[in-house]
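Colleague:
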Amino acid sequence: MKIDTRQIPEEGVILTEEFSPKGLDLDTDIIRFPGPIKAKAIIHKSYDAVNVILFLSALMNINCARCLKEEKIDYSRKIELNYAMDKADPMIELDSDIREEIILDYPMNPLCKVDCKGLCPKCGANLNEGGCHCGATQEKAF
Ligand SMILES: [Zn+2]
Ligand SMILES: [Zn+2]
8 MKIDTRQIPE EGVILTEEFS PKGLDLDTDI IRFPGPIKAK AIIHKSYDAV NVILFLSALM
68 NINCARCLKE EKIDYSRKIE LNYAMDKADP MIELDSDIRE EIILDYPMNP LCKVDCKGLC
128 PKCGANLNEG GCHCGATQEK AF
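The opening residue of the sequence shown carries number 8 in my numbering; numbering runs sequentially from there.
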C-alpha cells in the first residue's frame with residue numbers, strides 16, 4: 008500500500024487493498040493465511056506528518072503448538088501509524104510496517120486449549136482424543 012503524500016486532500020482519504028499472504032511473506036510453520044489480508048487505511052495529513060489509522064482483517068489458520076490441530080481465527084486489528092513528512096520522498100510505503108504489525112500479533116505458543124495434552128512422542132497419536140495404543144504414554148503421569 009503506497010501513499011502519495013502530495014495527493015492527500017484536506018479532509019483525508021481512505022485507501023483499501025488486499026494483500027496476498029505470500030506477497031507479505033507471512034506464512035510460518037504453524038501460521039497460515041488461507042485468503043487475502045484486507046487492509047483499510049484512513050489517512051490524514053497535517054503540516055509535517057501523516058497519520059494512518061489502519062484496519063487489518065484476515066482469516067488465520069493456526070496449528071496448536073502441542074497437538075498440531077488446526078484452529079481457524081478471525082484476525083482483525085486496528086493500528087495507528089505516524090510518518091514524518093519528507094519533501095524529498097513524498098511516497099510512503101506501508102507494506103513492511105503492515106507485515107511487522109501482523110507478525111508482532113503472532114501467538115508465541117498457540118494452544119488449542121490450555122491443558123492440551125499434545126501428541127504421543129512415540130506414535131504421534133493425539134492424546135486429547137483418549138490416548139494412544141502404543142503404550143509409551145500409559146505409565147507416564149501427565
Ligand atoms: Zn492442542
Ligand atoms: Zn503412542
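Just so you know, even glycine gets a beta-carbon here, dropped at the ideal spot from N, CA and C. Since the model is a prediction, treat every value here as computed from it, not as a measurement.
#1: By Cβ distance below 6 Å, which residues in the same chain neighbour C139 in space, the five residues on each side in sequence not counted?
#2: What residues in its chain sit with their C-beta under 7 Å from that of F149, if we drop five residues either side in the sequence?
#3: Could you tell me which uninterrupted alpha helix (DSSP H) segments, each at least 4 residues in length, are contained entirely in the stretch 97-138, listed from first to last along the chain?
#4: Please give me, in chain order, every unbroken run of the beta strand (DSSP E) with length at least 3 that falls completely inside the stretch 48-74.
#5: Taking its Cβ as the centre, do 16 or more other Cβ atoms sit within 10 Å of I4, making it buried, or is it exposed?
#6: Among F26, N116, R13 and L88, which one has its Cα closest to the Cα of C74?
#7: Should L63 be labelled buried (16 or more other beta-carbon atoms within 10 Å of its own) or exposed?
Modeller: In terms of the structure at hand:
#1: C127, C130 and A132
#2: Its pLDDT being 48, under 50, F149 is placed unreliably in this model, and the value from its coordinates should be taken loosely. If we look at F149 and ignore the five residues flanking it on each side, its Cβ neighbours are K124.
#3: 102-111
#4: 56-70
#5: In the structure as shown, the chain starts at 8 and stops at 149, and residue 4 therefore has no counterpart that could be examined.
#6: N116
#7: buried
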